[in-house]
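First the structure, in the form of structure tokens, and then the observations on it.
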Amino acid sequence: MKIKKGDTVEVISGRDKGARGEVLRTLPLAARVVVQGANVRKKHQRQVQAGGRSMNPGIIQFEAPLAVSKVMLVCPKCGKLARVGLQRADGKAVRVCKKCAAVIDA
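The sequence shown: position 27 = 62 (the working numbering), numbered continuously.
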């Protein structure tokens with residue numbers, strides 16, 4: 036996947052279209068990412084005791100995974116949505132913005 040944890044992305048389709056946030060987690064086998072503040076779900080949590088600790092009951096909110104095809108990387112240099120390319124530099128592959136040709140991985 037060309038999107039990594041810590042990248043800033045924008046949702047380009049769906050209910051949260053236009054929302055920008057940081058990638059909290061990537062799930063490469065499922066081709067999904069968890070974006071901060073996007074695809075927020077509510078879950079009714081029952082009080083559970085496990086290992087001497089109790090989890091508080093109530094309604095909790097959490098970010099559910101999004102398909103990686105529904106998000107686009109925001110270039111740190113130009114601040115626009117950009118497709119990501121790969122270039123070889125010093126024997127390592129680095130990610131490059133296709134709009135401004137800036138190196139994303141510093």
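Using N, Cα and C, we set each Cβ at its ideal position, and we do this for glycine too.
Asked	Found
Per DSSP, the bridge partner or partners of S89	Q84
Per DSSP, the bridge partner or partners of I94	H79
Rounded straight-line distance, which links the Cα of R81 to that of G87	16 Å
Pair within 8 Å by beta-carbon distance, R118 and K133	yes
Simplified DSSP assignment, three categories, for K22	Nothing can be reported for residue 22, as the shown portion of the chain is limited to 36 through 141.
Length of the line joining the Cα atoms of V68 and I95	20 Å
Helix, strand or coil at L116 [DSSP, three-state]	strand
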